[in-house]
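**Q** Here it is, the structure, as structure tokens.
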Amino acid sequence: MDISVRPDYREFLAQNTGLNFLFAASIITMPLLSSFGNQYILIGVSATSLFLGILLVFRYIMITSVVWIIGEGTLCRICGILSSQTDYIELYRVMDYKETQTLLQKFWKVKTITIISTDKTDSTVETCGIKSDMPLIELIRDRVEKCKQMKRNYEITNY
Numbered sequence: 000m001d002i003s004v005r006p007d008y009r010e011f012l013a014q015n016t017g018l019n020f021l022f023a024a025s026i027i028t029m030p031l032l033s034s035f036g037n038q039y040i041l042i043g044v045s046a047t048s049l050f051l052g053i054l055l056v057f058r059y060i061m062i063t064s065v066v067w068i069i070g071e072g073t074l075c076r077i078c079g080i081l082s083s084q085t086d087y088i089e090l091y092r093v094m095d096y097k098e099t100q101t102l103l104q105k106f107w108k109v110k111t112i113t114i115i116s117t118d119k120t121d122s123t124v125e126t127c128g129i130k131s132d133m134p135l136i137e138l139i140r141d142r143v144e145k146c147k148q149m150k151r152n153y154e155i156t157n158y
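Numbering (this note's numbering), first residue to last: 0 to 158.
Rendered as structure tokens:
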């Protein structure tokens, strides 16, 4: 049974907290600046708000348009909006796992899992925006061990 994982929306908040505050501040200050009578400042703040809004929508779509599919023998990453790119990693090639959380990720209760493999094209795969309470590493570890036992293939790696 394949398991598909998508980044949580809170990863967007963790990655773009500063831009979100700047966007909110520019929206809040627009009515206040209109009372001063200087239209050039109001146009500048409006243009900044529009630019930040478009940037934040684009970044949200880019973060949430990624899907990781954990199969019986492969880890698949599909990303893209208008065109998609699919990367595969054979699970028997996985060597190590790393789980990290920045301060903002801890606040928003998401984490990043890095999978290190002996694959030449994708030696590291980062899965961002995973919910903190999701035991994804244990699931991947179990599938990697099953795959290695089925293939009877243990690679010797040099760093």
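Quick reminder that beta carbons are idealized off the backbone N, C-alpha and C, glycines included.
Rounded to whole angstroms, what is the Cα-Cα separation between T117 and D141?
**A** Near 18 angstroms, if we compare the C-alpha coordinates of D141 and T117.
**Q** Can you tell me where the alpha helix (DSSP H) with Y91 in it begins and where it stops?
**A** That residue, Y91, is in no alpha helix (DSSP H); it is neither H nor E in DSSP.
**Q** Taking the continuous alpha helix (DSSP H) assigned at L21, which residues delimit it?
**A** Its alpha helix (DSSP H) spans residues 16 to 33.
**Q** Judging by CA-CA distance, which residue of E71, I129, Y59 is the nearest neighbour of I80?
**A** Among E71, I129, Y59, the Cα nearest to that of I80 belongs to Y59.
**Q** Is it right to say A46 is buried, meaning 16 or more other beta carbons lie within 10 angstroms of its own, or is it exposed?
**A** With fewer than 16 Cβ atoms within 10 Å of its Cβ, A46 is classed as exposed.
**Q** Excluding the 5 residues flanking I68 on each side, which residues of the same chain have their C-beta closer than 6 angstroms to its C-beta?
**A** D1, S3, C75, listed in sequence order.
**Q** Please name the residue, chosen from F22, G72, M29, I40, that lies closest to I53 on a Cα-to-Cα basis.
**A** Measuring from the Cα of I53, the nearest candidate turns out to be F22.
**Q** With L74 as the anchor, note down where its beta strand (DSSP E) starts and where it stops.
**A** L74 -> beta strand (DSSP E) spans 73 to 78.
**Q** Give me the residue from S122, C146, T101 with the minimum Cα distance to I129.
**A** Of S122, C146, T101, the residue nearest in Cα terms is T101.
**Q** So V143 and V66 are in contact, right, with Cβ under 8 angstroms, and what is the actual spacing, rounded?
**A** V143 to V66, Cβ: 20 angstroms. No contact.
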